[in-house]
Each structure stands twice: as C-alpha cells, then as structure tokens.
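Q:
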Amino acid sequence: GAVVSQHPSRVICKSGTSVKIECRSLDFQATTMFWYRQFPKQSLMLMATSNEGSKATYEQGVEKDKFLINHASLTLSTLTVTSAHPEDSSFYICSAREEPGYTFGSGTRLTVV
Amino acid sequence: AQKVTQAQTEISVVEKEDVTLDCVYETRDTTYYLFWYKQPPSGELVFLIRRNSFDEQNEISGRYSWNFQKSTSSFNFTITASQVVDSAVYFCASYNFNKFYFGSGTKLNVKP
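Below, the structure is given as structure tokens:
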C-alpha cells in the first residue's frame, strides 16, 4: 500500500531554535499533504493543508509565520517550527491522499526544552 | 461544520472478548466519508476502513466489522475475539471537502 515517510520520528531541541520535519510520499505523487498536531491523549487537529507549488492553507488560529510549510515537489512537504518554545512540544503528523483512504506518516514527537 | 463524537474514552476487555467502539457524527452535508483509523503506541495512524455516505452496507473484514446507520448517524466498529495486539487508540473521522474531522479517540486495552 501507499506509504508516507516522516522524519525525524523524535526530536529534542532548545527553546528558540527551529526544527524541520519532512513528509515524503513513497511510490505516489501527492499534490496535497496535510499537517496535524496531536496533544497527549487528544485527537488530531488539522494545522494546514500543503499544496505543491503554491502557498499552504492554514487553519484558523495557526500562526503561519511560526509553522512554515513548503511543498516544493510532488513527493515532499516540510513543516518548520520556527523559534520553538516548550508549548510547541507535541506530536506532529502528516498525511497524503492515496485511495481508498488517506495515508498518514508515522509522526514526529517534538520536545522543546 | 462536521463533528465526530466518540463517547468512550477508554475501554478495557479481556482477550477473546468482543468489543464495540461507538462513533456518532454530525453533518449537514449529503455527501461525506467516514473513516476508522488505529493508532498503536508507536504513533502512526493505520487506515482501517472508509465508507461513503451513500453506502450503508455493513462491512466485515476478518475480526473487524462496521455498522453504518444513517438514521442514527452512527458508524460503530466491532472487534470480535479481541487480541492483545488490538490494544491501541482508535479514531473515527468524517471527511468532506478535503478536511478530516476526528473524534477524540477511544483507547482500547486488551488484557491477556
């Protein structure tokens, strides 16, 4: 089946630094990818929709200058958490559409210390 | 807007028991999709099933079965003869216009 590869799986960074998370579709092209955030024991909340070759669409309340999304090719979308703070610590997960369902990456657990 | 409710926060069963995870959705759309995903401790979301709003046929896949009832806006998931490997958080979700609306998830603990 379709696979979405997400890296890194875990990252610890210092407050104030930036962290880049990659999401790759393997063996299929994804013109649209989605980025979610999941707090502990909570559901997934859509942060933004990443569109290849154009600007991402952010959900209400998500700071686009803080969560930079780049979708430069049909198989790669990146999420950069800029000037990270401890409250940005969370589980971030991407997904892409591949019939019959949407395939999700394995997630990235970000810890900001 | 759409909304998905999974009233059961956590369920514990003993291996080989049957268990049903409830899912109730709200939508004003006539066309929509419903999904179930499994999230094991490792974190990835594993696709289980997709149903479109025009297909109310129940589905069975091995030990898994799904009951879609538009009259009650429910899309319940039953695991027959549960196994320890079924332990995970299960999410029900509705989808339309490129957006997922996830329920809060039900954590299933299957004890040996």
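First to last, the sequence lines map onto chains A and B.
Just so you know, the numbering used here puts the end of the first sequence at 111, numbered straight through with nothing missing.
Just so you know, the numbering used here puts the end of the second sequence at 1035, numbered straight through with nothing missing.
Note that beta-carbon positions come from the ideal geometry of N, C-alpha and C, so glycine has one too.
#1: Between S48 (chain A) and E967 (chain B), what straight-line distance do the alpha-carbon atoms span, to the nearest angstrom?
#2: Can you pull the DSSP bridge partners for T76 (chain A)?
#3: Under 7 Å between beta-carbons, which chain B residues line up against F89 (chain A)? List them in chain order, please.
#4: Since R35 (chain A) sits in a beta bridge, which residues does DSSP pair it with?
#5: Suppose you measure from the CA of A1016 (chain B) to the CA of S996 (chain B); what does that come to, to the nearest Å?
#6: Mind checking who K1034 (chain B) pairs with in its DSSP beta bridge?
#7: Over what stretch of residues does the beta strand (DSSP E) that includes S984 (chain B) continue unbroken?
#8: By how many angstroms is the C-alpha of Q929 (chain B) removed from the C-alpha of Y948 (chain B)?
#9: Hey, is the segment 82 to 97 of chain A in contact with the segment 27 to 41 of chain A, meaning 3+ C-beta pairs nearer than 8 Å?
#10: Applying the criterion that 16 or more other CB atoms from any shown protein chain within 10 Å of the CB defines a buried residue, is V1038 (chain B) buried or exposed?
#11: Do you know how far the Cα of V79 (chain A) is from the Cα of V17 (chain A)?
#12: Tell me, which residues are paired with F102 (chain A) by DSSP?
#13: Within the same chain, show all residues whose beta-carbon is closer than 6 Å to that of V1 (chain A), passing over the 5 residues directly before and after it, in chain order.
#14: Using 10 angstroms around the beta-carbon of W977 (chain B), count the other beta-carbons present and answer buried if the total reaches 16, otherwise exposed.
#15: Closest Cβ-Cβ distance between Q118 (chain A) and chain B: below 9 Å?
#16: Pairs of beta-carbons, one from the segment 940 to 957 of chain B and one from the segment 1016 to 1032 of chain B, closer than 8 Å: are there three or more?
#17: Out of A:V111, A:R22, A:A46, state which residue places its alpha-carbon closest to the alpha-carbon of W33 (chain A).
#18: Please list, in chain order, the chain A residues whose beta carbon lies closer than 7 Å to that of F1025 (chain B).
#19: In chain B, which residues lie less than 8 Å from G51 (chain A) when you measure between Cβ atoms?
A: Taking the structure as given:
#1: The residue given as residue 48 (chain A) occupies position 50 in the first sequence. The residue given as residue 967 (chain B) occupies position 44 in the second sequence. Answer to the nearest angstrom: the Cα atoms are 19 Å apart.
#2: The residue labelled residue 76 (chain A) in the question sits at position 78 within the first sequence. Answer by DSSP bridge pairing, in chain order: A:E20, A:N68.
#3: Within the first sequence, the letter at position 91 stands for residue 89 (chain A). Chain B residues near F89 (chain A): G966.
#4: Locating residue 35 (chain A) in the first sequence gives position 37, counting from the first residue. A:M43, A:Y90.
#5: Your numbering for residue 1016 (chain B) matches position 93 in the second sequence. Your numbering for residue 996 (chain B) matches position 73 in the second sequence. Rounded to whole angstroms, A1016 (chain B) to S996 (chain B) spans 12 Å at the Cα level.
#6: In the second sequence, counting from the first residue as 1, residue 1034 (chain B) sits at position 111. According to DSSP, K1034 (chain B) bridges with B:V937.
#7: The residue labelled residue 984 (chain B) in the question sits at position 61 within the second sequence. That run of the beta strand (DSSP E) goes 982 to 984.
#8: Walking along the second sequence from the start, residue 948 (chain B) turns up at place 25. Walking along the second sequence from the start, residue 929 (chain B) turns up at place 6. So the alpha carbons of these two residues sit roughly 9 Å apart.
#9: yes
#10: Chain B is shown from 924 up to 1035; residue 1038 (chain B) falls before or after that span and cannot be answered.
#11: Reading the first sequence from its first residue, position 19 is the one you call residue 17 (chain A). Reading the first sequence from its first residue, position 81 is the one you call residue 79 (chain A). Spanning the two alpha carbons is a distance of roughly 5 Å.
#12: In the first sequence, counting from the first residue as 1, residue 102 (chain A) sits at position 104. Looking at the DSSP assignment, F102 (chain A) forms a beta bridge with A:S93.
#13: Here residue 1 (chain A) corresponds to residue number 3 of the first sequence, with the count starting at 1. Taken in chain order, the residues that qualify are L24.
#14: Working through the second sequence from its first residue, we reach residue 977 (chain B) at position 54. It is worth fixing the name first, because residue 977 (chain B) is Phe in this sequence and not Trp. Label assigned to F977 (chain B): exposed.
#15: No answer is possible for residue 118 (chain A): it lies beyond the span of chain A, which begins at -1 and ends at 111.
#16: yes
#17: Counting from 1 along the first sequence, the entry for residue 33 (chain A) is found at position 35. If we check each option's Cα against that of W33 (chain A), A:A46 comes out closest.
#18: Taking the second sequence and counting its residues from 1, the one referred to as residue 1025 (chain B) is at position 102. The answer, in chain order, is S41, L42.
#19: The residue labelled residue 51 (chain A) in the question sits at position 53 within the first sequence. Under the 8 Å cutoff, chain B gives no residues; its nearest Cβ is about 17 Å from G51 (chain A).
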